[in-house]
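Worksheet: one structure, shown below.
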Amino acid sequence: MKALIILFITSVFFFSCKKNNTPEPVTEALNICGYVVNHAANIGYACYWKNGVATPLTSTTAIGSDARAEDMVVYNNDVHIVGTEEQPTGLGVGRYWKNGVMQTIADGPTLNSVVCNAIAVNVNGVHIAFNEVTAAGKQLPKYWKDGVVTTLMLSGSVPDVSLSDIATSGNDVYILGVQKTSPVLRDAILWKNGSATIIPLANNNSASNFYIAVQNNDVYIVTTEYAPATSLSRIMYYKNNDAPVAITSTKNAVVKEITVGNNGDVYIAGFQLNANNTFEACYWKNGTKVIVSNTINLDAELQSIFIKNTDIYACGTTLVNATPTITYWKNGTASVLNSGSLSSYPKKIIVN
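Below is the structure:
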């Protein structure tokens, strides 16, 4: 699985048949968070785009810097973003931005790296899932709510779990993570209000890229499961306590996000190998695959998807003048966000 993802990252460039170099005019606020990389200057910085206008969240000039915005929520017109900024010492620092104002996320003074993974916001406050990574590489799962940090427990002890997503519904808080059980195997862990449940995987499969959506008391979960016996990565879908459903089965696939429309339609964003053994950006609506990119000889991905009324928005990366550049789609029509000669990568799209 790790090799598959590395292969994709190194070949993420692609074209779209409906590409338009100038973003179409928008009447709504189209928000994207992600990061920009200046390879020549060895600089990476977290960034936020609103209707195509970029706002850097970290330094654009600090040599050797490496920062990424990982997740975003727009709540009551406030933009909440979380990410991680690597320091010159090599340690990561958790970052939280509200309308561009930065706050550090940590469990008190620490010499460990902190990695902020996901954020949710509701009437009860701001909820952030993050990891504190020890010098030995153990990933301690942490939950931050309005400045108060709780360490997540499993069977009475602190587990080694990489957190991947967080969601809220009413007063309930759901946090997802992945626990390493062997050099190649992973378990999926779901915390609801601090109580942990292990999600069983069939045939000793491993789980990664775990995402959650909660609507009308229904809990929707997707994950990429890797089967060592077949060397196949597939997308699995779980709803409540129902039996898991394989969204893909014959070709390697990776999931990046799940969202549920107001009418109950389920959208899963990701990418999958095609017959030419290259990745194609796609999403699945109620299990039916929709390909966003049409280039069959170049790799493509879909990173995030958002539904507003009857419109479907998604974002990923395309190659523009040999440079990876954020692309977003509205109902299948692509527009690019121009970052000049710099590489740019999206993590989340929201329209309000």
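Going by this note's numbering, the residue at position 70 of the sequence shown is 60; the numbering climbs one at a time, nothing skipped. Glycine included, every Cβ here is placed at the ideal spot set by N, Cα and C.
### V168 in three-state terms, based on DSSP
strand
### Query
Would you say N28 and L332 are within 9 Å of each other, going by their C-beta atoms?
yes
### Query
Which of the three DSSP states, helix, strand or coil, is assigned to V104?
strand
### Message
In whole angstroms, give me the CA-to-CA distance for Y133 and N206.
### Response
If you draw a straight line from the Cα of Y133 to the Cα of N206, it comes to about 24 Å.
### Query
Do you know whose CA, among G184, I316 and H117, lies nearest A44's CA?
I316
### Query
Apart from the five residues just before and just after A96, which ones in its own chain have a Cβ nearer than 7 Å to its Cβ?
G84 and V104.
### Message
How far does the beta strand (DSSP E) with N28 in it extend, from its first residue to its last?
### Response
L20 to N28
### Span of the beta strand (DSSP E) around K132
Q129 to K135
### Task
Give the C-beta separation of Y303 and K320 to the nearest angstrom, bearing in mind that I take them to be a contact with Cβ-Cβ under 8 Å.
6 Å
### Task
Taking E247 as the reference, give the member of S154, S145, Q169 and T17 with the closest Cα.
That would be S154, whose Cα lies nearest to the Cα of E247.
### Message
Do D177 and A157 count as a contact pair if the criterion is CB distance below 9 Å?
### Response
no
#### Entry: Simplified DSSP assignment, three categories, for K88
K88 falls in the strand class under three-state DSSP.
### Nonlocal neighbours in the same chain, by C-beta distance under 7 Å from N230, ignoring five residues either side
D208 and V209
### Message
Rounded to whole angstroms, what is the Cα-Cα separation between L(-6) and K170?
### Response
In this prediction, L(-6) scores a pLDDT of 35, lower than 50, which makes its location untrustworthy; no coordinate-derived value is stated.
### Query
Taking the continuous beta strand (DSSP E) assigned at A59, which residues delimit it?
It spans D56 to Y65 - the beta strand (DSSP E) in which A59 sits, taken as one unbroken run.
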